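**Student:** Quick one: the structure is below, and I'll ask about it shortly.
Numbering (the numbering used here), first residue to last: 193 to 554.
And the structure:
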């Protein structure tokens, strides 16, 4: 009987240990269908923006602001309700249909690259610097499940050749495959990292062609491609390069434009101030609303910014208001910031504010 009691006790101990291990695994290692968004950093732009011939000395700083995005386990999920300035977002709200985390990251990288090119154009347009656009490459954003290419290509690959023809644009891709049928193969040259590879990849009817008459359906590799372009000034002394590291997304466009103009202009646009901000920009200088502004205000305040440029509130297609400036002001009141929050709808709005700004005392 004593041996039986020892066995039962040992069994309970073993069960308890396994139960504890299972609980820890569920709490800390099982992912949930959410991301946590929280304040990231405010990054000084001067080290990221390089120009061949800077026009003047700058005493202040322009800063971009970021949102930190992280995976969620059960522990983080529970803590998010107790930790200020954290926001839970369903993964399905951020990821496109069938998009993986790696493909999302690649999309953000490409969007950042496009944003930088738009920011350079906006700065050149403001400064009346002549330039031209160069089509550089086609990059894979996503590979659709079920297509033969899913076993060969991945997000981040650069398509350099199709059927022996060099590829720089999406139109060139379509032209190279226009006479192909479903089941045919295409010789695809692509670059992954520093290595260029060639594969024979079968083609299939593209997802958006299912309702098209069978004889007219287009076939393809089954990828979501993105064109990458660069902005080339007519004079090499105006050349601008941007190295933003792993920061992704489109929302630093306005601040990149201001930093580029600051480097190419003899006057110091900052007038000695620390100026943060956010906002998409197009080549004409229009500033678009962005996501995560509540977190960016906190990041800028923590970094000691004195001024924060926020996109003006906008109207959605359904007539609803998309809050940016108003949301930033509310968050500023919540955290008791001394930052001046300034609404901007165009780069000219920001420049007018800077022109009237008093220089900061030494």
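All C-beta atoms, glycine included, are put in the ideal place defined by N, C-alpha and C. Predicted model only: the values in this text are computed from it and were never measured.
Might you give, ordered along the chain, the residues of its own chain that have their beta carbon closer than 7 Å to the beta carbon of residue 373, omitting 5 neighbours on each side?
**Tutor:** 411
**Student:** Does the beta-carbon distance from residue 477 to residue 516 come in below 9 Å?
**Tutor:** no
**Student:** Give the DSSP-derived three-state secondary structure of residue 416 in the structure shown.
**Tutor:** strand
**Student:** Pop quiz: residue 426 and residue 310 are said to be a contact at Cβ under 8 Å. What is the actual Cβ separation, rounded to whole angstroms?
**Tutor:** So it is not a contact: roughly 19 Å between Cβ atoms.
**Student:** Would you list, in sequence order, the uninterrupted beta strand (DSSP E) runs of no fewer than 3 residues that lie entirely inside the segment 445-486?
**Tutor:** When DSSP assignments are scanned along the segment 445-486, the uninterrupted stretches of beta strand (DSSP E) that are 3 or more residues long and fall wholly within it turn out to be 466-469.
**Student:** According to the neighbour-count rule (16 or more other Cβ atoms, all chains shown, within 10 Å of its Cβ), is residue 432 buried or exposed?
**Tutor:** buried
**Student:** Mind checking whether residue 237 and residue 451 have CB atoms under 9 Å apart?
**Tutor:** Yes. Within cutoff.
**Student:** Count the other C-beta atoms from every protein chain shown that fall within 10 angstroms of the C-beta of residue 396, then say buried if there are 16 or more, exposed otherwise.
**Tutor:** buried
**Student:** What did DSSP end up calling residue 353 once you bin it into helix, strand or coil?
**Tutor:** strand
**Student:** Tell me the DSSP secondary structure of residue 546 in three-state form.
**Tutor:** helix
**Student:** Would you mind giving the Cβ-Cβ distance between residue 243 and residue 456, rounded to the nearest angstrom? I have them listed as a contact below 8 Å.
**Tutor:** 6 Å
**Student:** Taking C-alpha atoms, which residue in 229, 286 and 312 lies nearest to residue 241?
**Tutor:** Ranking 229, 286 and 312 by Cα distance to residue 241 puts 312 first.
**Student:** Beta-carbon within less than 8 Å of residue 302's beta-carbon, same chain only, minus the 5 sequence neighbours each way: which residues are those?
**Tutor:** 331, 333, 418 and 420
**Student:** Across which residues does DSSP place residue 381 in a beta bridge pair?
**Tutor:** 353 and 390
**Student:** Under 8 Å, with one C-beta from each stretch per pair, do the segment 489-500 and the segment 322-331 reach the 3-pair mark?
**Tutor:** Touching, no, given that fewer than three Cβ pairs across the two stretches are closer than 8 Å.
**Student:** May I ask you to report which of helix, strand or coil DSSP gives residue 526?
**Tutor:** helix
**Student:** Grouping DSSP H, G and I as helix and E and B as strand, with all else coil, what is residue 494?
**Tutor:** helix
**Student:** Helix, strand or coil for residue 443? Go by DSSP, reduced to three states.
**Tutor:** coil
**Student:** Under 8 Å Cβ to Cβ from residue 377, same chain only, skipping five residues before and after it: list those, please.
**Tutor:** For residue 377, where only same-chain residues beyond five positions count, the Cβ hits under 8 Å are 392, 393, 394 and 395.
**Student:** Report the rounded CA-to-CA distance for residue 277 versus residue 390, giving the unit in angstroms.
**Tutor:** 48 Å
**Student:** Please report the Cβ distance between residue 523 and residue 498, rounded to the nearest whole angstrom; I am assuming they are in contact, meaning their Cβ atoms lie under 8 Å.
**Tutor:** Their Cβ separation, rounded to whole angstroms, is 17 Å, which puts residue 523 and residue 498 out of contact at 8 Å.
**Student:** Within the same chain, show all residues whose beta-carbon is closer than 8 Å to that of residue 232, passing over the 5 residues directly before and after it, in chain order.
**Tutor:** 257, 258, 259, 260, 487, 488 and 491
**Student:** Could you check how far apart the C-beta atoms of residue 460 and residue 252 are, in whole angstroms? I think they sit under 8 Å.
**Tutor:** 6 Å
**Student:** Would you tell me roughly how many angstroms separate the C-alpha atoms of residue 299 and residue 530, rounded to the nearest one?
**Tutor:** 35 Å
**Student:** Look up residue 396 in the DSSP assignment and say whether it is helix, strand or coil.
**Tutor:** In this structure, residue 396 counts as strand in the three-state DSSP scheme.
**Student:** On the three-state DSSP scale, how would you describe residue 218?
**Tutor:** Caution applies to residue 218, whose pLDDT of 49 falls short of 50 and renders its modelled position unreliable; the value that the coordinates give is listed next. Three-state result, residue 218: helix.
**Student:** Expressed to the nearest angstrom, what Euclidean distance is found between the alpha-carbon atoms of residue 351 and residue 513?
**Tutor:** 40 Å
**Student:** Please classify residue 549: is it buried, with 16 or more other beta-carbons within 10 angstroms of its beta-carbon, or exposed?
**Tutor:** buried
**Student:** Mapping the DSSP letters down to three states, classify residue 376 as helix, strand or coil.
**Tutor:** coil
**Student:** Between the Cα of residue 225 and those of 250, 275, 285 and 235, spot the shortest distance and give me the residue it belongs to.
**Tutor:** Just measuring C-alpha positions, the residue of 250, 275, 285 and 235 sitting nearest residue 225 is 285.
**Student:** Using beta-carbon positions only, say whether residue 347 and residue 294 come within less than 9 Å of one another.
**Tutor:** Cβ atoms of residue 347 and residue 294: closer than 9 Å.
**Student:** On the premise that residue 520 lies in contact with residue 500, defined as a C-beta separation below 8 Å, what is that separation, rounded to the nearest angstrom?
**Tutor:** 7 Å
**Student:** Where residue 446 and residue 359 are concerned, what is the direct C-alpha to C-alpha distance, given to the nearest angstrom?
**Tutor:** 31 Å
**Student:** Could you tell me the boundaries of the alpha helix (DSSP H) in which residue 368 lies?
**Tutor:** 362-369
**Student:** Who are the Cβ neighbours of residue 314 in its own chain at under 8 Å, not counting the five residues just before and after it?
**Tutor:** 445, 449, 473, 474, 475, 476, 477 and 539
**Student:** Is the beta carbon of residue 493 within less than 8 Å of some heavy atom of the ligand ZN?
**Tutor:** Annotation note on the ligand ZN: not contained in the displayed structure, which lists no ligands.
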